[in-house]
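Undergrad: This is the structure I have questions about; it appears just below.
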Amino acid sequence: MHLICCPFCGNRDETEFRFAVEAGKRRGSVSSSPDEWAKYLYFQNNVKGDTREVWMHLTCGELFILSRNSVTHSIHGSEPVRKAAEA
Amino acid sequence: MRLPSGGTGITREKELSFAFDGKPHRGFEGDTVASALLAAGVRTVGRSFKYHRPRGIWGHGVEEPNAIFDVKLAGFHEPNARGTTTPLADGLVVRSINARPDASRDRFGFLDRFAKFIPAGFYYKTFMWPSWERFEPRIRAMAGLGEIDREWAPKAFSSHVHDTCDVLVVGAGNSGLRAALAAARDGRSVTVVDEGFAPGGQLLYRSRTADGEHAEEWLASTLAELSRLGVTIMSRSTAYGIYDHNLVCVAELKKATNPPISHRIRPKQIVLATGAIERPLVFPNNDRPGIMSAASALFYLRRHGVRVGERIVIASNNDSTAEVAEAFRVVGANVTEVSSVANVRGKNRVEAVIDENGRSIPADALLVSGGYSPTVHLFCQAKGKLAWSDERAAFVPKDEVQGVKVIGSANGDFRWRVQASWPTKPTKERAWIDFQNDVTSKDVALAARENFRSVEHLKRYTTLGMATDQGKTSNVNGLAALAAFTGRSIAETGTTTFRPPYTPVSMMAFTGYRHGQLFNPVRRLALETEHRAAGAIFGEYGGWLRPAAYDRDIQSEALRAREGVGIFDASPLGKVEVIGPDAGLLLDFNGYGKVSTLKPGRIRYGLTLNENGSVYDDGVIARLDETRFLVSCSSSHVTGVHLRLEDIRQDLFDPTRLSIHNATSRWATLTVTGPKSRSLLDSLSLGLDLGNEAFPHMSWRMATFEGGPVRLARVSFSGDLSFEVSVPQSKAASLFCALREAGARFNATMLGLEALMILRAEKGYIVIGKDTDGLTLPHDLGIVGPRDKRTDEFVGRRSLFTEWAQEKKRRQFTGLSITDGGGPLATGAHAIERVTGKSRSIGFVTSSYFSPTIGKPIALGLIENAMERQGEIIEMQHLGAVRKARVSAACAFDPEGARLNA
Ligand SMILES: [Zn+2]
Numbered sequence: 001m002h003l004i005c006c007p008f009c010g011n012r013d014e015t016e017f018r019f020a021v022e023a024g025k026r027r028g029s030v031s032s033s034p035d036e037w038a039k040y041l042y043f044q045n046n047v048k049g050d051t052r053e054v055w056m057h058l059t060c061g062e063l064f065i066l067s068r069n070s071v072t073h074s075i076h077g078s079e080p081v082r083k084a085a086e087a
Numbered sequence: 001m002r003l004p005s006g007g008t009g010i011t012r013e014k015e016l017s018f019a020f021d022g023k024p025h026r027g028f029e030g031d032t033v034a035s036a037l038l039a040a041g042v043r044t045v046g047r048s049f050k051y052h053r054p055r056g057i058w059g060h061g062v063e064e065p066n067a068i069f070d071v072k073l074a075g076f077h078e079p080n081a082r083g084t085t086t087p088l089a090d091g092l093v094v095r096s097i098n099a100r101p102d103a104s105r106d107r108f109g110f111l112d113r114f115a116k117f118i119p120a121g122f123y124y125k126t127f128m129w130p131s132w133e134r135f136e137p138r139i140r141a142m143a144g145l146g147e148i149d150r151e152w153a154p155k156a157f158s159s160h161v162h163d164t165c166d167v168l169v170v171g172a173g174n175s176g177l178r179a180a181l182a183a184a185r186d187g188r189s190v191t192v193v194d195e196g197f198a199p200g201g202q203l204l205y206r207s208r209t210a211d212g213e214h215a216e217e218w219l220a221s222t223l224a225e226l227s228r229l230g231v232t233i234m235s236r237s238t239a240y241g242i243y244d245h246n247l248v249c250v251a252e253l254k255k256a257t258n259p260p261i262s263h264r265i266r267p268k269q270i271v272l273a274t275g276a277i278e279r280p281l282v283f284p285n286n287d288r289p290g291i292m293s294a295a296s297a298l299f300y301l302r303r304h305g306v307r308v309g310e311r312i313v314i315a316s317n318n319d320s321t322a323e324v325a326e327a328f329r330v331v332g333a334n335v336t337e338v339s340s341v342a343n344v345r346g347k348n349r350v351e352a353v354i355d356e357n358g359r360s361i362p363a364d365a366l367l368v369s370g371g372y373s374p375t376v377h378l379f380c381q382a383k384g385k386l387a388w389s390d391e392r393a394a395f396v397p398k399d400e401v402q403g404v405k406v407i408g409s410a411n412g413d414f415r416w417r418v419q420a421s422w423p424t425k426p427t428k429e430r431a432w433i434d435f436q437n438d439v440t441s442k443d444v445a446l447a448a449r450e451n452f453r454s455v456e457h458l459k460r461y462t463t464l465g466m467a468t469d470q471g472k473t474s475n476v477n478g479l480a481a482l483a484a485f486t487g488r489s490i491a492e493t494g495t496t497t498f499r500p501p502y503t504p505v506s507m508m509a510f511t512g513y514r515h516g517q518l519f520n521p522v523r524r525l526a527l528e529t530e531h532r533a534a535g536a537i538f539g540e541y542g543g544w545l546r547p548a549a550y551d552r553d554i555q556s557e558a559l560r561a562r563e564g565v566g567i568f569d570a571s572p573l574g575k576v577e578v579i580g581p582d583a584g585l586l587l588d589f590n591g592y593g594k595v596s597t598l599k600p601g602r603i604r605y606g607l608t609l610n611e612n613g614s615v616y617d618d619g620v621i622a623r624l625d626e627t628r629f630l631v632s633c634s635s636s637h638v639t640g641v642h643l644r645l646e647d648i649r650q651d652l653f654d655p656t657r658l659s660i661h662n663a664t665s666r667w668a669t670l671t672v673t674g675p676k677s678r679s680l681l682d683s684l685s686l687g688l689d690l691g692n693e694a695f696p697h698m699s700w701r702m703a704t705f706e707g708g709p710v711r712l713a714r715v716s717f718s719g720d721l722s723f724e725v726s727v728p729q730s731k732a733a734s735l736f737c738a739l740r741e742a743g744a745r746f747n748a749t750m751l752g753l754e755a756l757m758i759l760r761a762e763k764g765y766i767v768i769g770k771d772t773d774g775l776t777l778p779h780d781l782g783i784v785g786p787r788d789k790r791t792d793e794f795v796g797r798r799s800l801f802t803e804w805a806q807e808k809k810r811r812q813f814t815g816l817s818i819t820d821g822g823g824p825l826a827t828g829a830h831a832i833e834r835v836t837g838k839s840r841s842i843g844f845v846t847s848s849y850f851s852p853t854i855g856k857p858i859a860l861g862l863i864e865n866a867m868e869r870q871g872e873i874i875e876m877q878h879l880g881a882v883r884k885a886r887v888s889a890a891c892a893f894d895p896e897g898a899r900l901n902a
């Protein structure tokens, strides 16, 4: 059972969170090629090692970026989605 | 036998009586079932898993492979209790398992003579046998462990405790207590968990500590200091699993007649001082009752005053047994020490031990020590790696794991010197490696011969190391045998994977209170009491407990609402508010239809799609004012819609200009539907003009009800004139009363969900997930406007233009009318098309009812090219029977909408 840190609420139990998307994935639009759109819909990088992902803390409702390692399961930190995008 | 004095763990003043296999016995407080049976001279305590060999007690803790019992006490039942960890209690009823009628007279004992016909892999090979299923139940009944009593349920539920501390020490032996002391002196909060009845580990029965101190004195003073320092020591508490981020799960057996208490502890630092487990030696007939772990014999002597034999042979490959020999000599036993054993005489009990020189030594007990295996289970669960140490004849922790420290015997720091002695080849007579699973060195040799050379394969093929003890005593001997038989080193052979739980944990510990109603609590209506008083029959719909019907005759319930007026509780309908200057834009992006063009006071129906284009939800959206919308999503989609709106708000919009608020549970909604609904509401005198011009279909108005707000929305799911009346929850009961009172004059009926489903189907209204599936796109429902006209981006838009979405042969939503004069079609019946003799499904029925309004059956379905097929008669197949139906308009009631807009 992971302990995930919400940038607003601190360390909380994994069950309070939901994975949203791999960070940096861009939504396409009606002008996307079929391949681009299929990639957006169905393909993940599924990185082995250090990852950056967008998660939602369901109890506070905030999206944030979670840095973790998909092999060791260690959590490196988290930051609000907006700050990360503006930086 | 019990010695006249001695035994630090028992209270001789308190005698307890218990029964084993129907015979009465006595013991003392502080005894375990195992120590009491040893004191009573009972040798055979069970029968082995496969061959039904008589078996005696081997160990004194969780490693015990043989003494597994069915235990009953004051109504509490435990089907697979270890005798070594079960405290004796007055009135305890103990039965051996896998033995009929009991362990000493087992009628399947003859199976042992057929051993060569049931070798390793017996099941795998025999499963190939034709008509195996005829033999299987009987063979399975002959092998196995305890049986669950299906009638029995615990009186209390397992508590779940969540906790944290700076340092969690697992194991209260010599090393664990020293670590706890050091941490506590350092000012850190410390918890110690230990599976024994009292803290101390080996110090409870060895005379000296590892550092040579007097064990009893050191233990007493250490425990006193730990207590002064506020250290918590939990006995009978097994840490059975380590999970990510230092989560340690502990099952605590506090009261004999209660399920275990489940602790989930997240310490900053874990210290594993889990000790080591004594191994058997592998020699022919090494499983006979009376052969036991040397350390365990010493344990029973010192703790319970039990001398396990008079003429004792000690076979050992290490110097841990010197103290055992000495201790038994002191209490008058005749002790012979040997370094290895060639064979054992005696079937139901040891009679003589044959040493390596062929000398027969008369004996009634054989105490064995084949070295020690560090208890590395938790370390390995925490992803720690092991290294083989020839010097210590054991697998020991190799690298460090963050947050986990292994110390003492668990780390291979033994007090004893071991002269390893492994099986080199299978013996002529069977020598046991795994007592619990009846695996012999011959079985390991067979597996090696059949090329099951990987340890993981060996385990599955022979069942070595499986079942309740998970190879605690057998694992290393098995690996060593496999290594020898395949000509490899033990290091090359490696170990199997250690997985939680370390010891069996009762399912009750995991369940706790999460069962029955509490497993997944239903959401309940504010008006449940009122509905019950009105005769409602409840059902669960999308997690809500709702009135399914008020009348057993759902047809007439539906008809009364259709002809007069019905009152329906629609409170679970979503009420998610989207607020802010960008609210319209956000909803435009979220939905299929545009919302920003809606005028305040008006309501619009629309779909929302998934990004893959399929229909996710439908519902109406009301514009409350310029910057405020109310999204009325399906009852079962409220959480999903709320999260989705939050996702979009934070990810793609300026979140400072938007706010999403789920107000579903704040409002109670009662729908008044039917031709007389306006008259009924008029009689409430809400001070509102309900006329069709002042208050047209798809609009909403606010008014006052009992001094508070009431929101009326003119929307309809029945196809009739219909008003949704919403008040704050606190006013729900008064509104219900007012409507019922006023309704009496109009002969109003209470309307349940089942009757409403008929009404909506008559009108051809869809239920998402019932009349649609994961492939249904909006244009399959005939809604093409937004796809063709919208120029802005919205969720799922791109997917509407894929090759697949634009394919001609799509399953489309349609009505089906029955042309054969029969009753309603089966929901799920397939529409079929016959092409060159073969039939192919072209769709299926999604909703089917008898319509009381029309007086005949109606159906809705998803049928290939339904739009082109309108009027066509198609074949419907269900369970072999074929019927006919006409593809027709989905709306079978009031297609012009005169009733809706009345
Ligand atoms: Zn949070």
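Protein sequences appear in the order of chains A and B.
The UniProt record's numbering puts the first residue of the first sequence at 1, with every later residue one more than the last.
The UniProt record's numbering puts the first residue of the second sequence at 1, with every later residue one more than the last.
We treat Cβ as the ideally placed atom computed from N, Cα and C, and that holds for glycine.
For residue 247(B), go through chain A and note every residue whose CB falls closer than 7 Å to its CB, in chain order.
TA: 1, listed in chain order.
Undergrad: Have a look at 829(B), 750(B) and 806(B) and flag the residue whose alpha-carbon is nearest the alpha-carbon of residue 549(B).
TA: Answer by Cα proximity: 750(B).
Undergrad: Answer yes or no: do residue 578(B) and residue 588(B) have a C-beta to C-beta separation smaller than 8 Å?
TA: no
Undergrad: Mind checking residue 9(B): buried by the 16 CB within 10 Å criterion, or exposed?
TA: Of the other Cβ atoms in all chains shown, 16 or more fall within 10 Å of the Cβ of residue 9(B); this residue is therefore buried.
Undergrad: Compile a chain-ordered list of the residues in the segment 788 to 812 of chain B whose CB is closer than 8 Å to at least one CB of chain A.
TA: 793, 797, 798, 799, 801, 802 and 803
Undergrad: What's the gap between the Cα of residue 782(B) and the Cα of residue 890(B)?
TA: When rounded, the distance between both Cα atoms is 11 Å.
Undergrad: Once the 5 residues before and after residue 318(B) are set aside, which same chain residues still bring their CB inside 7 Å of it?
TA: Taking residue 318(B) as the centre and dropping the five residues before and after it, the same chain places the C-beta of 369, 371, 416, 417, 418 and 419 closer than 7 Å to its C-beta, in chain order.
Undergrad: Looking only at its own chain, which residues have a Cβ that is under 8 Å from the Cβ of residue 652(B), when we skip the five neighbours before and after it?
TA: Excluding positions up to five away in sequence, the list reads 589.
Undergrad: Are the beta-carbon atoms belonging to residue 74(B) and residue 91(B) less than 8 Å from one another?
TA: yes
Undergrad: Answer with buried or exposed for residue 211(B), where buried requires no fewer than 16 other C-beta atoms within 10 angstroms of its C-beta.
TA: exposed
Undergrad: What are the complete beta strand (DSSP E) segments, minimum 3 residues, inside the segment 349 to 411 of chain B?
TA: Runs of the beta strand (DSSP E) inside the segment 349 to 411 of chain B: 352 to 355, 360 to 362, 365 to 369, 372 to 374, 386 to 389, 394 to 397 and 404 to 406.
Undergrad: Name the residues in the segment 604 to 619 of chain B whose C-beta lies less than 7 Å from a C-beta of chain A; which are they?
TA: 611 and 612
Undergrad: Can you list the alpha helix (DSSP H) stretches of 4 or more residues lying completely in the segment 625 to 665 of chain B, in chain order?
TA: 638 to 652
Undergrad: By a C-beta neighbour count over all protein chains shown, 10 Å radius and 16 as the cutoff for buried, is residue 87(A) buried or exposed?
TA: Any answer about residue 87(A) is weak, because its pLDDT of 47 lies below 50 and its placement is not dependable; what the coordinates show is given next. Residue 87(A) comes out exposed.
Undergrad: May I ask you to list the residues that DSSP assigns as paired with residue 859(B)?
TA: When DSSP reads this structure, residue 859(B) sits in a beta bridge with 816(B) and 848(B).
Undergrad: Just to check, is the beta-carbon of residue 15(A) closer than 7 Å to a non-hydrogen atom of ligand 1?
TA: no
Undergrad: Would the beta-carbon of residue 664(B) be found less than 7 Å away from any heavy atom of ligand 2?
TA: Among the ligands present in this structure, namely ligand 1, ligand 2 is not found.
Undergrad: Run the CB neighbour count on residue 14(B), radius 10 Å, all protein chains shown included, and call it buried at 16 or more, exposed below.
TA: exposed
Undergrad: Here's the rule: buried if 16 or more other CB atoms are within 10 angstroms of the residue's CB, otherwise exposed. What is residue 529(B)?
TA: Classification of residue 529(B): exposed, given that the 10 Å Cβ count is below 16.
Undergrad: Could you give the residue range of the alpha helix (DSSP H) that holds residue 588(B)?
TA: 583 to 590
Undergrad: Taking the alpha carbon of residue 76(B) as the point to measure from, which residue in 271(B), 355(B), 508(B) and 722(B) has its own alpha carbon closest?
TA: 508(B)
Undergrad: Could you tell me the boundaries of the beta strand (DSSP E) in which residue 608(B) lies?
TA: Secondary structure note for residue 608(B): its beta strand (DSSP E) is the uninterrupted segment 603 to 609.
Undergrad: If we define contact as Cβ-Cβ less than 8 Å, is residue 37(A) a contact residue for chain B?
TA: Yes, residue 37(A) counts as interfacial toward chain B.
Undergrad: Check this for me: beta carbons of residue 115(B) and residue 51(B), under 8 Å apart or not?
TA: yes
Undergrad: Name the one or two DSSP bridge partners that residue 77(B) has.
TA: 72(B)
Undergrad: For residue 650(B), which residues in chain A fall below 8 Å Cβ to Cβ?
TA: Correct list: 62, 63, 81 and 82.
Undergrad: Flag this pair as yes or no: are the beta carbons of residue 915(B) and residue 715(B) separated by less than 8 Å?
TA: Residue 915(B) lies beyond the range of chain B shown here (1 to 902); nothing can be said about it.
Undergrad: Report all residues from its chain with a CB closer than 7 Å to the CB of residue 451(B); omit the five preceding and five following residues, and keep chain order.
TA: none
Undergrad: Going along the chain, which residues of its own chain have a beta-carbon closer than 8 Å to the beta-carbon of residue 440(B), five neighbours each way excluded?
TA: Taken in chain order, the residues that qualify are 426, 430, 431, 432 and 433.
Undergrad: Measure the CB-CB distance between residue 190(B) and residue 170(B) and report whether it falls below 8 Å.
TA: no
Undergrad: Since I believe residue 181(B) is in contact with residue 151(B) (beta carbons under 8 Å), could you give me their beta-carbon distance rounded to a whole number of angstroms?
TA: Between residue 181(B) and residue 151(B) the Cβ distance is about 49 Å, and since that is not below 8 Å, they are no contact.
Undergrad: Output yes or no for whether 8 Å exceeds the beta carbon distance between residue 544(B) and residue 521(B).
TA: no
Undergrad: In terms of DSSP beta bridges, what is residue 839(B) paired with?
TA: 834(B)
Undergrad: On the three-state DSSP scale, how would you describe residue 434(B)?
TA: strand
Undergrad: Within the chosen definition, does the segment 294 to 311 of chain B reach the segment 395 to 409 of chain B through at least 3 CB pairs nearer than 8 Å?
TA: no
Undergrad: Is residue 160(B) near ligand 1, with its Cβ less than 7 Å from a heavy atom?
TA: Not a single heavy atom of ligand 1 lies less than 7 Å from the C-beta of residue 160(B).
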